[in-house]
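Visitor:
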Amino acid sequence: MEKKITEKIAALPPDANYFSLEFFPPKTRMGFANLSARLERMAQALRPLFVTVTWGAGGSTAARSLELAEVCQRQLQLTTVLHLTCTNMSRKLVDMALDEAKVLGIRNILALRGDPPRSEEYNMHGEDDSNKDFTFAVDLVKYIRKTHGDYFCVGVAAYPEGHPVDAFQDTQDPARDIPYLVEKTVAGADFIMTQLTYDIDAYTKFENMLRNHESGVFKTIPIIPGLMPIHSYKILTRVTKLSHVTIPPPIARRMEELKHDDDAVKRAGVDIVSEIVGGMKDIPSPGPRGFHFYTLNLEKTVSFILEQSDLIPPYSEADNSAIEEGPPLVDFPGRALGRSRASSMHSQPHNRVIVDKLSVHESSQDSQHEALAESVGLPMHPNRSTTLLISEGQGSLGREATWDDFPNGRWGDARSPAFGEIDGYGPSLHVTSAVARRLWGHPVDAKDMSTLFRRHVSGELHMVPWSEGGAEEDGGGLNAETELIRPELLKLIDGRGWWTLASQPAVNGVKSDHHIFGWGPQREGFVFQKPFVEFFCSNNDYKNILKPLFAQHGSDKLTWFATNISGAFESSLPAQPTDVELDSLEDNPESVNAVTWGVFRGKEIVTPTIIEEVSFRAWGEEAFRIWDEWRRIYPRGSPTETYLDTTKNDAWLVCVVGQQFGAGTKQGSKEEEDEVKWMWRVLAGEDA
Ligand SMILES: Cc1cc2nc3c(=O)[nH]c(=O)nc-3n(C[C@H](O)[C@H](O)[C@H](O)COP(=O)(O)OP(=O)(O)OC[C@H]3O[C@@H](n4cnc5c(N)ncnc54)[C@H](O)[C@@H]3O)c2cc1C
Ligand SMILES: NC(=O)c1ccc[n+]([C@@H]2O[C@H](COP(=O)([O-])OP(=O)(O)OC[C@H]3O[C@@H](n4cnc5c(N)ncnc54)[C@H](O)[C@@H]3O)[C@@H](O)[C@H]2O)c1
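Per full-length UniProt numbering, residue 1 is the first one in the sequence shown, and the count goes up by one each step.
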């Protein structure tokens, strides 16, 4: 029988260190296939003690979470912990998840609450029947013990900097949470896993507080600190804001200085997190000391941190004999990399894309975009050194690892395992219901909605439900480039009544250190953008204004996608069968629009923002679920709840990409200006 993680921890020498890796179920089929390949490589080379699989709050990712857990536990034979939340979903779903986990051989569950439970008044049409059973995570711990006895090893969450303020909690204070953590532990928790932190002092204080707690319940229980590698400045600031954790001032200063240089942020991030690991290793522990890494399904930085922190377990004789050594790696035609480069300790996590003389398994028809190891001359079972080289971008396999390089590009490549997620916890408003009501009030008609979007685009409202925005106290969440097209966006919102969610202006090749448009390695390249805008509009406007307008201009000038609540999908591309499930959508090369790209010295063209059918449809599903998340914060049948529901059912989500960005015109000329603004004039109805 598969082991419990507590058994695996207990079997380690008392002074050993271990680590675990967290993954979320990717949104697209291709992301899924590629995560499986990535997981296999990471598992064999990095050798985590166990992995964990997230669960979308309210059960929103139930099927995909179980599928990923199956890949981990059964296919890859990794000891797997399934996260499970209990609020705002039916008890039947909890039972199903536990039964299924058992069938898969999973013996470890991280028992969580999820979002605060909606009371009966806000509970829609009997969708959830859980509230009577589950209010807090402790209820789930008790339920698992009651229904499954000791079969599962149960973990619970803790917050070194305090659980964020919510409906049940008016202050963020770790001491305030302790009685409830005691309750969860007494109810049967076997281990504690913490929220991510970058604050070693806060963490040390927290762990000491637990170990010395008067109840004595935390004396020996494994407490595993959560750490998130720093993938980009944007992800760092976004994740810490969403999780309500601090970036200690020295780290904030270091990151702030480097924020315009993606590679430098990643390099410093590896050092910062490795320093935190080093510091945590010094905290006295009653048993082996573990570390949990929130990977966001990204591979590169976590590999470097594990290497730098010396956390990768050594291979035993038996391990080594199981690993076939393949032919040497090749970094450019004709030159072999010596096996002496077994360690990447002194190399940097740069974006080095190497053109390999060996053929790559990269047919665009092929949904598996991470080439098979053996097809590119790597050992069938990559070992630690080959994976680290891949993570560095070396060899043909490393090409896909470059996905990791610019995860700050809007929503990235749908083939990347990391596509479109920030925490893997499913669609959410990212604020409490009380804050949401304060921010967005009680809209009851289109005028109220337009007012919200006008205020957002004008910088008066820092977020709308579909666009997270920056910190409220910073006054707004729009990028500087969005301000340059503010008048155009306002014409769509006020003139047309279309509610814009995301956008970008055209850019006809500016230096990569440009103060507004620059990204990627600084001073080394040029960046380009096609204009795009994404918005909700009514069914009437979609049919009677937009479709005729699209027909008039043709797909060589405007590429567009549109979807609605019932999953209808239409686009400027040749018609596809309409009954294709998102999950089975194949990569359609014709649907790919790189809307942001950069050309840098010594690299292939980098395309951090791609708009294509599969990603648009995945986002569309989420965007319509966000309408539901929003309406549920108002009492059932209230005017606002009814209005949001009706509007959601009528709306189309439309994304339009302008194919002109000024190419071929003289920079700074009137002709360039006309081209760059053309899409906006057409959409506003100003261009015949
Ligand atoms: C390691 C980790 C993994 C996670 N994975 C996921 C995931 O996969 N999917 C997902 O949706 N979310 C996940 N989360 C987020 C989690 O669901 C949220 O943080 C949630 O708000 C709280 O969950 P909990 O299990 O800590 O809840 P609880 O232990 O129920 O605590 C929630 C809050 O209520 C307070 N409280 C508890 N009992 C009482 C009581 N009797 N009276 C008053 N107040 C009380 C606690 O102090 C705390 O403030 C994860 C969090 C962590 C730290
Ligand atoms: N089309 C797709 O395939 C797809 C896939 C996933 C996400 N998305 C979009 O991405 C957004 C989230 O991604 P992100 O957080 O990386 O984007 P982001 O926050 O970086 O926003 C993208 C750009 O749109 C601008 N913007 C923000 N709010 C706007 C508004 N109300 N009107 C016009 N412009 C606005 C921002 O300033 C930014 O320049 C979602 O809101 C969604 O619209 C689209």
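Note that the Cβ used here is the ideal one computed from N, Cα and C, for glycine as well.
Could you please go through the chain and list the residues whose beta-carbon is closer than 5 Å to any non-hydrogen atom of ligand 1?
Guide: Here the residues come out as Thr54, Trp55, Ala57, His83, Thr85, Leu112, Arg113, Gly114, Phe136, Ala137, Ala157, His163, Phe168, Gln169, Asp177, Tyr180, Met193, Gln195, Tyr425.
Visitor: Could you tell me the alpha carbon to alpha carbon distance between Asp310 and Ile106, rounded to whole angstroms?
Guide: Going by the C-alpha atoms only, they are around 28 Å apart.
Visitor: Nearest to Leu112 by CA position, among Leu68, Ala69, His163, is which residue?
Guide: That would be His163, whose Cα lies nearest to the Cα of Leu112.
Visitor: Give me whichever residues DSSP pairs with Asn593 in a beta bridge.
Guide: Note: Asn593 sits in a beta bridge opposite Ile611.
Visitor: What do you get for Ala10, buried or exposed, if any count of 16 or more other CB atoms within 10 angstroms of its CB means buried?
Guide: The residue is exposed, with fewer than 16 neighbouring Cβ atoms inside 10 Å.
Visitor: Based on the DSSP output, what are the partners of Ser571 in its beta bridges?
Guide: BP columns for Ser571 point to Phe561.
Visitor: Who are Ala16's beta bridge partners in DSSP?
Guide: DSSP, once it has assigned bridges, lists no residue as partnering Ala16.
Visitor: Whole angstroms is fine: what's the gap from Val464's alpha carbon to Pro286's?
Guide: Looking at the two C-alpha atoms, the distance is approximately 47 Å.
Visitor: Do Asp190 and Ser232 have their CB atoms nearer than 9 Å?
Guide: Not closer than 9 Å, so no.
Visitor: Answer yes or no: the CB of Cys655 versus the heavy atoms of ligand 2, is any distance below 8 Å?
Guide: Because some heavy atom of ligand 2 lies under 8 Å away, the Cβ of Cys655 counts as near it: yes.
Visitor: Taking the beta strand (DSSP E) that Met193 falls in, what are its first and last residues?
Guide: Per DSSP, Met193 belongs to the beta strand (DSSP E) from 191–196.
Visitor: Okay, do the segment 624–631 and the segment 589–606 touch, 3+ Cβ pairs below 8 Å being the bar?
Guide: The segment 624–631, when compared against the segment 589–606, does not touch it at the 8 Å Cβ threshold.
Visitor: Identify whether Lys511 lies in helix, strand or coil by the three-state DSSP scheme.
Guide: It is a strand residue.
Visitor: One question on the structure: do Phe536 and Leu501 come within less than 9 Å of each other, judged by their Cβ atoms?
Guide: Yes, the pair counts as a contact, with Cβ atoms nearer than the cut-off.
Visitor: Am I right that Val270 and Ile305 are in contact with their C-beta atoms under 8 Å? What's the rounded C-beta distance?
Guide: About 6 Å separates the two Cβ atoms, so the contact holds.
Visitor: For His292, write down the residues that DSSP places opposite it in a beta bridge.
Guide: The partner list for His292 (beta bridge, DSSP) reads Ser20, Gly226.
Visitor: If you drop the 5 nearest sequence neighbours on each side, which residues of the same chain put their C-beta closer than 6 Å to that of Arg145?
Guide: Here the set comprises Gly188.
Visitor: Measuring only from the beta carbon, is Asn297 closer than 8 Å to any heavy atom that is part of ligand 4?
Guide: In terms of ligand content, the structure shown lacks ligand 4 and carries ligand 1 and ligand 2 instead.
Visitor: State the DSSP-derived secondary structure class of Pro236, mapped to helix, strand or coil.
Guide: Looking at the sequence shown, residue 236 is not Pro but Leu. Helix at Leu236.
Visitor: Among the candidates Ala562, Arg267, Val444, whose CA atom is the shortest distance from the CA of Gln308?
Guide: Of Ala562, Arg267, Val444, the residue nearest in Cα terms is Arg267.
Visitor: Closest by CA to Val103, which one among Ile230, Lys677, Arg437, Glu2?
Guide: The option with the nearest alpha carbon to Val103 is Glu2.
Visitor: CA-CA distance, Val182 and Pro25?
Guide: Roughly 31 Å separates the two Cα atoms.
Visitor: Can the beta-carbon of Ile272 be found less than 9 Å from the beta-carbon of Ile251?
Guide: Contact: yes.
Visitor: CB-CB under 7 Å to Arg437, same chain, minus the five flanking residues each way: which ones, in chain order?
Guide: Here the set comprises Ile633.
Visitor: Do you know offhand how far Leu39's Cα is from Gln73's?
Guide: Each residue's Cα considered, the two are about 11 Å apart.
Visitor: Assign His83 to one of three DSSP states: helix, strand, or coil.
Guide: Correct three-state label for His83: strand.
Visitor: Report the three-state DSSP secondary structure of Glu673 (helix, strand or coil).
Guide: Glu673: helix per DSSP, three-state reduction.
Visitor: Need the endpoints of the beta strand (DSSP E) that Leu110 sits in, please.
Guide: That run of the beta strand (DSSP E) goes 108–111.
Visitor: Since Val156 is in the alpha helix (DSSP H), which residue starts that stretch and which ends it?
Guide: From DSSP, Val156 is part of no alpha helix (DSSP H) but of the beta strand (DSSP E) over 153–158.
Visitor: Thinking just about the alpha-carbon of each residue, which of Val302, Cys153, Pro639, Trp680 is nearest to the one in Leu227?
Guide: The residue with the shortest Cα to Cα distance from Leu227 is Val302.
Visitor: Contact between the segment 493–511 and the segment 521–530: three or more CB pairs below 8 Å?
Guide: Because the criterion of three Cβ pairs below 8 Å is met, the segment 493–511 and the segment 521–530 touch.
Visitor: If you draw a straight line from the alpha carbon of Glu214 to that of Asp166, how long is it in whole angstroms?
Guide: Using only the alpha carbons, I get a separation of about 27 Å.
Visitor: Starting from Leu653, trace the beta strand (DSSP E) in both directions and tell me its first and last residue.
Guide: 652–658 is the span of the beta strand (DSSP E), which, as asked, contains Leu653.
Visitor: Would you call Thr171 buried or exposed, if buried means 16 or more other Cβ atoms sit within 10 Å of its Cβ?
Guide: Exposed, by the Cβ-count rule.
Visitor: Taking one C-beta from the segment 554–571 and one from the segment 659–670 each time, how about it: are there three or more such pairs within less than 8 Å?
Guide: Flag = yes, the segment 554–571 and the segment 659–670 touch.
Visitor: Would you identify the three-state DSSP class for Val606, choosing helix, strand or coil?
Guide: Three-state result, Val606: strand.
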